[in-house]
Structure formats: C-alpha cells, structure tokens
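Novice:
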Amino acid sequence: MTHDPKAAAMQRYHDRFDSAQYNAIGEFLASNLNADRDESRVVDILVALQNTAFGLCDHPDFATAWHPLAVQCGQNFLSFHTVDAMRDFLRRFAPEDMRIDDFEATAKGMLRAYSGLDDLQTATAHANGVHSWQGRMAYELLAAVDYLTQTAIQMLAHGDENYAREKLHNGLNRISGALYEGIRHSDQPALYNFKSTYFPDEFDR
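According to the numbering used here, the stretch in the sequence shown is residues -15 to 189, in order.
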C-alpha cells in the first residue's frame, strides 16, 4: 500500500482540529477587521490559518504557509490577542514546531513596527521645528528611523528587495545628514566621525 503524505496530513489535521478555537478566531478576526464573519477578508485569513495547520501536519504543499499568514496579520493590523489565539490553535497540530514561533514573531514584529510609524512621523515633524543643530540632527535621525522601520517591515514580509534597498538607502542618507550636523556644529566634532564603519558588499559572502 502506497503511503500518501497529503492524505496522512489531512487526517492529522482533522484529528487535532478544535472547532471552538477555530470559530473563536473567526469572531476575533471579524471584530478586528470590522467585518462580517463570512466576508472575504475574514475568510481569506482563516484559509491561510488552515493552510498553516496543514503544513504543521506535514502536508508537503504548505510547509511555508505560516509566513503568508503572519504577513496578513501584520498588514491587517490584527490585535495581539487574535495572533495569540492563532498561535494557540496552531500548537494543537505541532506543539514544538519552530515555525509557530516564527509566525508569532513575524506577525507581532510587523504589527509593532506599523503601529509605531504614526508616532514616529509626528515626532519627526516636531523635531523639524527646532531651531538648532541638535534639532536638525534629531530630525534627520528620526527620519532615518522611519525609513529603517519601513525597511524592516519589508524584510519581515519578504517583500521587494529593490524597494527595501531604496528605503535603506534613504535611511543611510538621513544618518549621514545627521552626522554632518554634528561634524559642522558640535564643539566635539570627532564624536560624530564614523568613517571607520565598514559596510559589507557582495564579496563578503
């Protein structure tokens, strides 16, 4: 008799499935998204959750399904409570699987990064109004953090590397601008000399 890994995975999924947990997650999603339970935005995330569970049950087609689920959680600004409920649901299928840890860390990392951008951009605007070199330096550094945060989000999402590079480049330019303020105006310009900092290139692989 030929072993069918897909059929075995589906059987493990059905054996470990908990309808109460699953339905509760559906309600949490509907609340987070301000949507009806049967709307496509809710259903799409539930499908991604199921796919992740299939992967945890060793279905060969869904080994990396945890990542799209994590990205959907981050991009849809779900609550930590909902992410925790998903994590607990997934633990039913493979309690010690590191992919569940990666799912939780990716989703929560993106959520916190997105949630901080508004405050960061407000702080940047305020710093731009300070009439001193320290204020200008703070403005450049806060703007750099904005770009670097957007880069980090792209990395967590496995996003477009060209777009991520553009954001990273802009962030580094802002850091350079901040250092120029220190070099030009500080009484201790050497404190802002970072010429010895080494940036790796493709030959360092």
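Note that CB positions come from ideal geometry on N, CA and C, so glycine has one too. Nothing here was measured: the structure is a model prediction, and the numbers come from that model.
Under a three-way DSSP split, which group does Asn154 fall into?
Specialist: Position 170 of the sequence shown, counted from the first residue, corresponds to residue 154. Looking at Asn154 - three-state DSSP - the assignment turns out to be helix.
Novice: Do you know how far the Cα of Leu53 is from the Cα of His142?
Specialist: Indexing the sequence shown from 1 puts residue 142 at position 158. Indexing the sequence shown from 1 puts residue 53 at position 69. Computed Cα separation, rounded: 12 Å.
Novice: For Met82 and Tyr123, I'd like the C-alpha separation in whole angstroms.
Specialist: In the sequence shown, counting from the first residue as 1, residue 82 sits at position 98. In the sequence shown, counting from the first residue as 1, residue 123 sits at position 139. Those two C-alpha atoms are separated by around 39 Å.
Novice: By Cβ distance, which residues of its chain are closer than 6 Å to Met(-15), with the 5 residues on each side in sequence left out?
Specialist: Walking along the sequence shown from the start, residue -15 turns up at place 1. Caution applies to Met(-15), whose pLDDT of 44 falls short of 50 and renders its modelled position unreliable; the value that the coordinates give is listed next. Listed in chain order, the non-local C-beta contacts of Met(-15) below 6 Å within the same chain number zero, local neighbours out to five positions each way being set aside.
Novice: Closer than 8 Å is the cut-off here; do at least three beta carbon pairs connect the region 167 to 182 with the region 81 to 101?
Specialist: In this structure the region 167 to 182 does not touch the region 81 to 101; the number of beta carbon pairs closer than 8 Å is below three.
Novice: So for Gln172, helix, strand or coil by DSSP?
Specialist: Along the sequence shown, read from residue 1 onward, the residue named residue 172 stands at position 188. Correct three-state label for Gln172: coil.
Novice: Between which two residues does the alpha helix (DSSP H) holding Tyr98 run?
Specialist: Counting from 1 along the sequence shown, the entry for residue 98 is found at position 114. Following the DSSP letters along the chain, one finds Tyr98 inside the alpha helix (DSSP H) bounded by residues 82 to 111.
Novice: Assuming Arg76 contacts Arg0 under a Cβ cut-off of 8 Å, what Cβ separation, rounded to an integer in Å, is found between them?
Specialist: Here residue 76 is taken as the residue at index 92 of the sequence shown, counted from 1. Here residue 0 is taken as the residue at index 16 of the sequence shown, counted from 1. That belief holds up - the Cβ atoms of Arg76 and Arg0 are roughly 5 Å apart, short of 8 Å.
Novice: Give the DSSP-derived three-state secondary structure of Tyr182 in the structure shown.
Specialist: Mapped onto the sequence shown, residue 182 falls at position 198. It is coil, neither helix nor strand.
Novice: So what does DSSP say about Ser15, is it helix, strand or coil?
Specialist: Within the sequence shown, numbered from 1, the residue matching residue 15 stands at position 31. Note: Ser15 maps to helix in three-state DSSP.
Novice: Nearest-angstrom Cα distance between Ala127 and Leu163?
Specialist: As a first step, residue 127 must be located in the sequence shown, where it is residue number 143. As a first step, residue 163 must be located in the sequence shown, where it is residue number 179. Between Ala127 and Leu163, the C-alpha separation is close to 13 Å.
Novice: In chain order, what residues of the same chain lie with their CB nearer than 8 Å to the CB of Phe190, ignoring the 5 residues before and after it?
Specialist: Here the chain comprises residues numbered -15 to 189, so residue 190 is not present and cannot be evaluated.
Novice: Terminal residues of the continuous alpha helix (DSSP H) containing Leu40?
Specialist: Looking up residue 40 in the sequence shown gives position 56. For Leu40, the enclosing alpha helix (DSSP H) begins and ends at 24 to 40.
Novice: Considering only the beta carbon of each residue, do Tyr131 and Asn154 sit closer than 8 Å?
Specialist: Taking the first residue of the sequence shown as 1, we reach residue 131 at position 147. Taking the first residue of the sequence shown as 1, we reach residue 154 at position 170. Between Tyr131 and Asn154, the C-beta spacing is below 8 Å.
Novice: Closest to Asn224 by CA distance: which of Thr66, Phe64, Ala(-7), Glu11 is it?
Specialist: There is no way to answer for residue 224, as the model of the chain reaches only from -15 to 189.
Novice: Quick check: what's the CA-CA separation for Ala174 versus Leu156?
Specialist: Here residue 174 corresponds to residue number 190 of the sequence shown, with the count starting at 1. Here residue 156 corresponds to residue number 172 of the sequence shown, with the count starting at 1. Each residue's Cα considered, the two are about 19 Å apart.
Novice: Please report the residue range of the alpha helix (DSSP H) in which His43 lies.
Specialist: Locating residue 43 in the sequence shown gives position 59, counting from the first residue. In the DSSP assignment, His43 falls outside any alpha helix (DSSP H) and carries neither an H nor an E.
Novice: Taking Asn60 as the reference, which of Gly39, Ala97, Met139 has the closest Cα?
Specialist: Position 76 of the sequence shown, counting from 1, holds the residue named residue 60. Taking only the C-alpha atoms, the option nearest Asn60 is Ala97.
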